[in-house]
Amino acid sequence: MDLILDQLLLFTLSLFANGLSAMAGGGAGLLQLPVLLFLGLSFPVALATHKIASVALGIGATLRHLREGSLDYRFCGYILAWGLPGVVLGAYVILQLPEAWTILALGILTTGLGVYSFSKKQLGMEYQPRNREGNGLMAGGAALFLIGFLNGSLTSGTGLFVTLWLVFWFGFDYKRAVTYVLILVGLFWNSSGALTVALQQPPQWDWLPALLVGAVIGSYTGAHLAISRGNKLVKRAFETLTVMVGIKLIGDGLALLF
Numbered sequence: 009m010d011l012i013l014d015q016l017l018l019f020t021l022s023l024f025a026n027g028l029s030a031m032a033g034g035g036a037g038l039l040q041l042p043v044l045l046f047l048g049l050s051f052p053v054a055l056a057t058h059k060i061a062s063v064a065l066g067i068g069a070t071l072r073h074l075r076e077g078s079l080d081y082r083f084c085g086y087i088l089a090w091g092l093p094g095v096v097l098g099a100y101v102i103l104q105l106p107e108a109w110t111i112l113a114l115g116i117l118t119t120g121l122g123v124y125s126f127s128k129k130q131l132g133m134e135y136q137p138r139n140r141e142g143n144g145l146m147a148g149g150a151a152l153f154l155i156g157f158l159n160g161s162l163t164s165g166t167g168l169f170v171t172l173w174l175v176f177w178f179g180f181d182y183k184r185a186v187t188y189v190l191i192l193v194g195l196f197w198n199s200s201g202a203l204t205v206a207l208q209q210p211p212q213w214d215w216l217p218a219l220l221v222g223a224v225i226g227s228y229t230g231a232h233l234a235i236s237r238g239n240k241l242v243k244r245a246f247e248t249l250t251v252m253v254g255i256k257l258i259g260d261g262l263a264l265l266f
C-alpha cells in the first residue's frame, strides 16, 4: 500500500507542477525537487531524477504545440546551437561546485524578473520581432548560452529566464515565447542536462514512471490552456510562478549558507 500511495503522490505532484510550468514557460522544479528531497532522496539522486522527469514536460507540451504550426525552425536551430553547449557544461559542473551563492543570486534575479514583468502591463502582449541580425543576434545568443549553463547546473526557474528573454530581447509575445521554451528547453535542453547528470549520478529509477506520466499529461493540459486562453493568462502565470520560484531559490540559498 505504501508503494501505491508513493506512486500516486509522485504522479499528482508531477501533474500539478508540470501543468503550471507549461502555462508559465518553466518552473516545474519549484514543487517537484523539494518533494523528492522530502521523500528521502539525497540531493544528487533527487537532482538526477528530477532532470530526467523534466524531459517529459517537453514531450507533453510538444505534442500540443506542434499542432499549432507556429514555429520558425531556423530560430529554433539558433536557440539550440547557443543553448545546448551551456546546458552540457552547466550539468557537468553542478555536482562538482558549491551552489549556495549562485542559488541566492539567481533567486533575487528571478524575483526581480517577475516584478519587472508585472510592472510592464503591455510587455509580451504583442509579437514585435527585433534583434534578429548582427550584434543583436550575437548578444541574444550569448545570453542564451549563459541561461543554458544555469539550466544545466541548477534545478528550477531557468525556463522562465528563457521565456522573458525571448519576450524582452527578441520581441516575442508570451504565448509564442512559451511555445518555444517548452519545446526547445523542455525537450532538448532538458534531455542534454538529464543525460549529463545521469552519467555522473544514477536517478531513483523506480520513481520515474509516475513522474514521467504525470509530466506528460500535466504539460499537455497546461499547454492546451495556454493556447486556448491566450497571452493574458500566460503572462499572469509567468509572473506568479517567477516570483514563487525566486522566493524559493532565495530560501534555498540562505539555508545552504546558514
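In our numbering, the protein residues as written are 9 to 266.
Every residue gets a Cβ at the ideal spot worked out from N, C-alpha and C, and that includes glycine.
Everything numeric in this text was worked out from a predicted model, so none of it was measured.
In terms of CA proximity to residue 238, 132 leads the group 41, 132, 141 and 199. If only complete runs of 4 or more residues are kept, the stretch 158-223 shows the alpha helix (DSSP H) at 166-176, 182-188 and 198-208, in order along the chain.
For residue 68, the enclosing alpha helix (DSSP H) starts and ends at 51-73. Considering only 121, 188 and 179, the residue with the shortest C-alpha distance to residue 144 is 179. Taking the Cβ atoms as the reference, residue 261 lies roughly 7 Å from residue 109, within the contact range of under 8 Å. Residue 29 sits close to residue 65, with the two beta carbons spaced by under 7 Å. Residue 257 and residue 114 have their alpha carbons spaced roughly 7 Å apart. Sequence-distant partners of residue 67 (beyond 5 residues in either direction) whose C-beta falls short of 6 Å from its own C-beta, in its chain, are 224. Taking the Cβ atoms as the reference, residue 230 lies roughly 10 Å from residue 33, outside the contact range of under 8 Å.
If the five residues before and after residue 122 are omitted, its C-beta is found closer than 7 Å to the C-beta atoms of 247, 250, 251 and 254, all from its own chain and listed in chain order.
The alpha-carbon of residue 215 is positioned some 9 Å away from that of residue 19. For residue 146, the number of other beta carbons within 10 angstroms of its own is below 16, and it is reported as exposed. A distance of 7 Å or more separates the beta carbons of residue 58 and residue 91.
The count of Cβ pairs closer than 8 Å, one atom from the stretch 198-208 and one from the stretch 40-48, stays below three, leaving the stretches out of contact. The beta carbon of residue 170 sits closer than 6 Å to the beta carbons of 155, 189 and 193 from its chain, once the five residues preceding and following it are set aside; these are given in chain order. Here residue 240 carries a helix assignment [DSSP, helix/strand/coil]. Fully contained in the stretch 74-142 are the following alpha helix (DSSP H) runs of length 4 or more, in chain order: 81-101 and 108-127. A Cβ-Cβ distance of about 7 Å is found for the pair residue 63 and residue 195, placing them in contact under the 8 Å criterion.
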